[in-house]
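The opening residue of the sequence shown carries number 0 in numbering that gives the first Met the number 0; numbering runs sequentially from there.
Working notes for the structure below.
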Amino acid sequence: MVLMGAFVGILVAAVVVLLVALARANRRSRRRGPLTEGPVTEGPPDGMRQAVEHLVRMNREMLDAQQRLSTQQLAGERDVVDRQVGAMRTELARLTDLLVSVEAERREQSGALSAQLAEAGRNTRALAESTQSLREALSSTTARGQWGERMADDVLRLAGFVDGVNYRRHVSITGAGGSAGVPDYTFLLPDGLCLHMDVKFPLNNYLRYLDATSDVERERMRREFLKDVRLRLKEVTTREYVGGDDTVDCVLLFIPNEQVYAFIQEHDRTLLDDALRDKVVFCSPLTLYAVLAVIRQAVDNFRLSRASHEILTRLQAFRKQWDRFVEQMDKAGRAVRAAGNAFDELEGTRRRQLDRELDRIDDLHRRSALEDGADPNPSGVVGVAGMAGEVMPKLALEA
């Protein structure tokens, strides 16, 4: 565009110069017209015509050069544009493939999500039905008690307690006042002690509290539920689960739902304090597990202490028997040493004295034989000293 503008400017300047030259030539011809003779020549002079023709030729050459340059620039720009268009087509094809794959994945995920939503809907409906069934079941006192016992069984099993070994169920007891009771669970402790636990708990008014549609009704159901809890606390304290010679000084009251336990703590904080004064410990599933862990640890520590005491008793008895054994062994050692000393004296001094006397007897025997003319040592005859030498070790061993 810049070259085109320059070319146009040059062309305009050349036309202006040509017009100016023609105007000057006309003025000179009019001035000479009366003085010159002959025919008047029309048009510019030859020099001017040649200049114009040269200028036109130069303009044509410049125009041709500009056209060739423009053609080359257009060809280069077209190549660049073609390359860019080719790259854009490649990128567009890649983006098209990517969009196709994304759309396929979206459809697949949408189908999987729809299936999951349908499954979640079915699970939600099943959960709602189960919740409704559970709520209907918990409206019955018997079913509620069975559900509480099932929760307690799960906690006991997690704590490692075994039925018949660590606890018993529904064992009738007789209190200090002569009244009978049947606690749901009786935990066996060392020294014949036991700890009782009840799992029955009122939930009717709590369920009505959850179903209440107005604040007034909800407040009324809240007060009724807390009243039921206090009545249940009073009922447990009147069953004489504590105070006996074979029971510890407290009883457990199991609440089989953490939400209910938290509700009691939130809406009546004095209730738990009153229960502790009456020697009743409220337990939720989590706190029951902690209490059972403490009981299990206490039982293990007691057994370890009792085993340690028995081991110490056995060690004392062993020490006494060991002292007696050492005493008798020392006595036997002294006797053995005395017998050894006696044997050494018998084998040493006493034997040498006897050998000396026997040698004298042999000498006397030989002298008597020589005087009688007999053999002083006939073959096969052992001297008195030889017989003594054979007999004395045997006598010493027998002694």
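Backbone N, C-alpha and C define an ideal beta-carbon position, used for all residues, glycine too.
Continuous alpha helix (DSSP H) stretch holding residue i: start and end
{"i": "His266", "result": "257–266"}
{"i": "Ala342", "result": "Correcting the residue type first, residue 342 is Phe in the shown sequence and not Ala. Note, Phe342: alpha helix (DSSP H), 284–344."}
{"i": "Phe224", "result": "214–236"}
{"i": "Tyr208", "result": "203–210"}
Burial state of residue i (16 or more Cβ within 10 Å)
{"i": "Met196", "result": "buried"}
{"i": "Ser202", "result": "A small fix is needed here, since residue 202 is Leu in this sequence, not Ser. Leu202 is buried by the Cβ-count criterion."}
{"i": "Gly42", "result": "Here the model assigns Gly42 a pLDDT of 49, short of 50, so the residue's position is not dependable and the matter cannot be decided."}
{"i": "Trp146", "result": "buried"}
{"i": "Ala334", "result": "exposed"}
{"i": "Ser283", "result": "buried"}
{"i": "Phe200", "result": "buried"}
{"i": "Ala92", "result": "exposed"}
{"i": "Val161", "result": "exposed"}
{"i": "Ala114", "result": "exposed"}
{"i": "Thr40", "result": "With a pLDDT of only 45 at Thr40, under the threshold of 50, the placement of this residue in the model should not be trusted; the figure read from the coordinates follows. Label assigned to Thr40: exposed."}
{"i": "Val198", "result": "buried"}
{"i": "Glu239", "result": "buried"}
{"i": "Ile360", "result": "exposed"}
{"i": "Ile310", "result": "exposed"}
{"i": "Leu209", "result": "exposed"}
{"i": "Leu251", "result": "buried"}
{"i": "Leu112", "result": "exposed"}
{"i": "Phe324", "result": "exposed"}
{"i": "Val80", "result": "exposed"}
{"i": "Phe301", "result": "exposed"}
{"i": "Phe317", "result": "exposed"}
{"i": "Phe253", "result": "buried"}
{"i": "Phe281", "result": "buried"}
{"i": "Val228", "result": "buried"}
{"i": "Leu73", "result": "exposed"}
{"i": "Val99", "result": "exposed"}
{"i": "Val84", "result": "exposed"}
{"i": "Ala306", "result": "exposed"}
{"i": "Leu97", "result": "exposed"}
{"i": "Leu291", "result": "buried"}
{"i": "Ala274", "result": "buried"}
{"i": "Val235", "result": "buried"}
{"i": "Val293", "result": "exposed"}
{"i": "Leu363", "result": "exposed"}
Span of the beta strand (DSSP E), counted from its first residue to its last, around residue i
{"i": "Leu187", "result": "184–187"}
{"i": "Asp197", "result": "193–197"}
{"i": "Tyr166", "result": "166–168"}
{"i": "Phe253", "result": "250–253"}
According to DSSP, residues forming a beta bridge with residue i
{"i": "Val79", "result": "Answer is none; Val79 lacks a bridge partner."}
{"i": "Gly163", "result": "DSSP output for Gly163 lists no bridge partner at all."}
{"i": "Val279", "result": "Val250"}
{"i": "Gly180", "result": "Ile172"}
Distance cut-off 6 Å: residue i Cβ against heavy atoms of the ligand NAD
{"i": "Ser69", "result": "In terms of ligand content, the structure shown is empty, and the ligand NAD therefore cannot be addressed."}
### Query
Do the stretch 262–273 and the stretch 236–246 meet, that is, are 3 or more Cβ pairs less than 8 Å apart?
Flag = no, the stretch 262–273 and the stretch 236–246 do not touch.
### Message
Just to confirm the assignment: which complete beta strand (DSSP E) runs, minimum length 3, are found wholly within the stretch 66–122?
### Response
Every candidate beta strand (DSSP E) stretch fails here, since none sits fully inside the stretch 66–122 while reaching 3 residues.
### Query
How about the stretch 221–233 and the stretch 202–211: do they share at least three Cβ pairs that are nearer than 8 Å?
Segments in contact, yes.
#### Entry: the stretch 281–290 / the stretch 153–163 touching (three or more Cβ pairs under 8 Å)
Look at the beta carbons and you see the stretch 281–290 touching the stretch 153–163: at least three pairs across the two are nearer than 8 Å.
### Message
Using a Cβ distance threshold of 8 Å, determine whether the stretch 162–175 contacts the stretch 183–192, with at least three qualifying pairs required.
### Response
Yes, since at least three Cβ pairs between the stretch 162–175 and the stretch 183–192 fall closer than 8 Å, the two stretches touch.
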